[in-house]
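Heads up: the sequence shown runs through residues 6 to 475, numbered per our numbering. Even for Gly, the Cβ is constructed at its ideal location relative to N, Cα and C. In what follows, a single structure is set out as structure tokens and then discussed.
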Amino acid sequence: LRRAIATALSGRKGPVVLTLPIDIMTAQVTEPRVGGSVTMGGMVAGETLDEIAELLLGADRPLILAGSGVRGHGAPERLLAVAERFSCPVATTPKAKGVFPEDHPLSVGVLGLGGHRSARRYLDSGVDVVLAVGTSLGDMATDGFAPALQASRALIHVDIDARQVGKSYSPTHAVVASAVELLGGLAARRGEFVPAPRVLPEGVTRHALPSSTKPDRIASHDAINELQALLPKDTIYTVDSGEHFLYATQYLEVTEPDAFVVMTGLGSMGQSIGAAIGAQLAHPGRTVAAICGDGCFAMNAFEIATAVQEQIPIRVFVFNDERLGMVENGHETVYGRRPVYSTGPLDICSIARGLGATVARVDGVGQLDRAIFNAPGPVVIEMRIDADIKIPKVDRVAVMSTKPIVQAPKQVPPPLAPGVAAGGTIPPPLSNPAPATRPSSPALVPALPALPAPVEPAPAPVRRRLRAVN
């Protein structure tokens with residue numbers, strides 16, 4: 006139990022599963038209650054911050070990629086200060102959408118699954134310095150492991166978990182620290198900061214898609230645009246897993262760091278309604294809107310009954326395309342055919358009405374009525390979606406089957422003293438990854454070495470990639 010608590014509260018904090026055999030579960034113990042305090046770690050070394058500052062200031066085309074580790078604890082405010090001080094464009098990962106305001110001139114939007122054209126276009130234009138902070142740089146966050154993130158001059162990877170640094174890319178500089186420590190240290194650096202002359206991007210650009218021509222359907226992007234136009238700017242969106250996630254990521258403009266809640270782990274479906282209830286209880290003065298598909302709604306629709314009983318005024322938008330859209334599209338991409346089964350239509354309004362919610366149905370542009378949002382208690386709005394209008398996206402299966410994740414560094418300099426950074430050089434590799442626990446004094450640590458490819462190729466390309474990482 007002590008170890009489980011220590012694991013949950015150190016490094017990248019999160020839940021821990023503790024399994025007990027039945028004899029232990031029913032046994033009487035005399036152990037005292039587990040207590041103690043949480044150690045947050047120290048400051049990032051000053052020389053490390055100075056070197057990162059010099060790299061950002063001298064870059065021609067820098068980019069800050071902010072992950073979900075930037076959310077909370079004052080990190081978004083520090084990110085904004087660093088971006089403005091160093092005149093550095095910012096992209097976020099899908100899970101971190103909103104930690105940097107998307108209406109800010111330095112925002113290029115989301116990079117990764119469902120991300121913006123502006124983010125990928127700026128990345129591919131030839132970035133020379135990338136500061137990736139609070140992200141493990143997985144495939145969802147990197148648009149299928151985009152090679153341009155390796156950057157021509159420096160890739161600075163900052164994460165609270167040492168096991169994540171160097172797992173997917175070969176950083177020239179690796180920092181094991183929390184986002185708030187790193188960004189706070191950069192924001193507090195003294196002296197005159199004059200960035201090199203550079204051409205800045207023109208803000209966030211989104212895919213232009215046609216509206217539906219079907220008389221009883223609405224395109225997903227039109228549905229997103231209409232619901233956001235009627236909801237307050239600080240609305241908290243809890244977004245489920247499915248095709249609707251791509252449209253919410255692409256077309257919602259989020260300017261608050263806590264206003265976009267997604268759970269991308271394992272592609273779990275059905276969490277948005279429960280998450281909306283929790284968010285509404287935590288923020289009673291704000292509007293909370295869940296965005297889910299008909300498949301997600303079918304999994305956890307009965308959470309609506311809880312919201313009705315407790316009079317929790319969430320707004321639930323069900324994007325009903327009468328199928329498991331992301332599953333079918335993925336099936337067609339991988340196997341070249343549709344699934345043999347079909348998903349039957351679901352009467353969303355009848356189910357929600359039977360649970361006691363106020364309901365509405367939208368099957369065309371201009372039908373969403375602001376008055377529906379004034380109803381007491383939960384409101385469920387069925388959006389009848391045209392499934393034939395699809396958003397462009399990277400074929401992640403093809404990318405992951407043909408491109409290696411880990412890239413070997415071009416050079417290995419002579420070893421440096423521990424914690425010392427050499428300007429513009431690649432730190433020496435470690436023979437073993439550092440433990441995941443937080444160091445007492447986070448500092449610049451050597452980048453992890455690229456792992457060798459297996460001697461004998463595996464039967465399937467994906468298996469080769471997984472063994473290369475491990």
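Inclusion of Gly382 and Ala310 in the CB contact set at 9 Å is not warranted, their separation being larger than that value.
In the assembly as shown, Val185 is a buried residue. Its beta-carbon has 16 or more other beta-carbons within 10 Å.
The three-state secondary structure of Asp164, taken from DSSP, is strand.
By the C-beta density criterion, Pro99 is buried, having at least 16 other C-beta atoms within 10 angstroms. If you draw a straight line from the Cα of Asn230 to the Cα of Ile390, it is about 13 Å long. Beta-bridge partners assigned by DSSP to Ala295: Thr243, Val321. The shortest CA-to-CA distance from Val134 to any of Gly270, His249, Gly361, Leu62 is the one to Leu62.
Less than 9 Å separates the beta-carbon of Ala58 from that of Leu191.
Shown here for Ser277: same chain residues with a beta carbon closer than 7 Å to its own, the five before and five after excluded, namely Thr243, Val244, Asp245, Ala295, Ile296, Cys297, Cys301 in chain order. Per DSSP, the continuous beta strand (DSSP E) segment holding Arg389 begins and ends at 384-389. Within the DSSP secondary-structure output, His178 pairs in a beta bridge with Ile161. In this structure, DSSP gives Gly19 a state outside helix and strand, which the three-state scheme calls coil.
Scanning its chain for C-beta atoms nearer than 7 Å, with the 5 sequence neighbours on each side dropped, one finds around Ile356 the residues Ala306, in chain order.
Distance check between Lys172 and each of Arg194, Ala151, Gly149, Ser141 places Ser141 closest, using alpha-carbon atoms only. Following the DSSP letters along the chain, one finds Arg222 in no beta strand (DSSP E), marked with neither H nor E. Under DSSP, no beta-bridge partner is assigned to Phe378. Membership of Ala80 in the alpha helix (DSSP H) is indicated by the continuous run 80-91.
The beta carbon of Ala137 lies closer than 6 Å to those of Leu70, His162 in the same chain, with the five residues before and after it left out.
Rounded to whole angstroms, the Cβ separation of Gly103 and Val259 is 4 Å, and the two are in contact under 8 Å. Taking Val370 as reference, the option from Thr240, Leu232, Asp299 with the minimal CA-CA separation is Leu232.
Contact between the region 113-121 and the region 279-296 is absent, with fewer than three C-beta pairs closer than 8 Å. Sequence-distant partners of Gly143 (beyond 5 residues in either direction) whose C-beta falls short of 7 Å from its own C-beta, in its chain, are Ser173. Going by beta carbons, Val75 and Leu188 fall inside the 9 Å limit. The straight-line gap separating the alpha-carbon atoms of Arg211 and His109 is approximately 15 Å. Contact between the region 121-129 and the region 48-58 is absent: fewer than three C-beta pairs spanning the two stretches fall below 8 Å. Residue state for Ala303 is assigned as helix, using DSSP reduced to three classes. Checking the DSSP bridge columns, you'll see Leu70 partnered with Ala96, Ala137.
Boundaries of the alpha helix (DSSP H) harbouring Ser123: 122-129, taken from the DSSP string.
For Ala50, the three-state secondary structure derived from DSSP is coil. Here the alpha carbons of Ile377 and Ala365 stand approximately 8 Å from one another. The C-beta distance from Arg203 to Arg66 rounds to 6 Å, short enough to meet the 8 Å contact threshold.
Within the model, the alpha-carbon separation for Asp164 versus Ser183 is close to 6 Å. When DSSP states are grouped into helix, strand and coil, Thr269 belongs to the coil group. Less than 9 Å separates the beta-carbon of Leu236 from that of Arg320. In this structure, DSSP gives Ser112 an extended state, which the three-state scheme calls strand.
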